[in-house]
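Read the structure below first, then the notes.
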Amino acid sequence: MTAVLADTVHEGLRFAAVAGIAVLVAFPVLLFIGALVSVLGSRLGAGMKFVWVVFAFCAPFLGPMLWFLVGKKSAEASFR
Numbered sequence: 001m002t003a004v005l006a007d008t009v010h011e012g013l014r015f016a017a018v019a020g021i022a023v024l025v026a027f028p029v030l031l032f033i034g035a036l037v038s039v040l041g042s043r044l045g046a047g048m049k050f051v052w053v054v055f056a057f058c059a060p061f062l063g064p065m066l067w068f069l070v071g072k073k074s075a076e077a078s079f080r
């Protein structure tokens, strides 16, 4: 009985570890894709779009976060 319980706990921990890793990988990927779609759909010129896309690619977490916190707002404000 104890061996069965230990195996069940071990399987649960393995699932939690795999699920945690999947979330840690999926979040930056989805953030990058969201930033990419947002940058390409913005009213910025081609040069600035290229700069933002390269920055988001080179800094996979920081680049998209900065786009959503700073770049998107400044791009919208410059066309008002």
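To convert, note that position 77 of the sequence shown is 77 in UniProt numbering; the numbers rise steadily by one, no gaps. No residue lacks a Cβ here, since even glycine has one placed at the ideal position from N, Cα and C.
query: Which whole-angstrom value describes the C-beta separation of residue 35 and residue 68, a residue pair presumed to lie in contact below a C-beta threshold of 8 Å?; result: 7 Å
query: Buried or exposed, going by whether 16 or more other CB atoms sit within 10 Å of the CB of residue 40?; result: exposed
query: Let's see if you can read the secondary structure: which residues bound the alpha helix (DSSP H) around residue 64?; result: 62–66
query: In whole angstroms, give me the CA-to-CA distance for residue 12 and residue 20.; result: 12 Å
query: Would you give the residue range spanned by the alpha helix (DSSP H) that residue 47 belongs to?; result: 46–58
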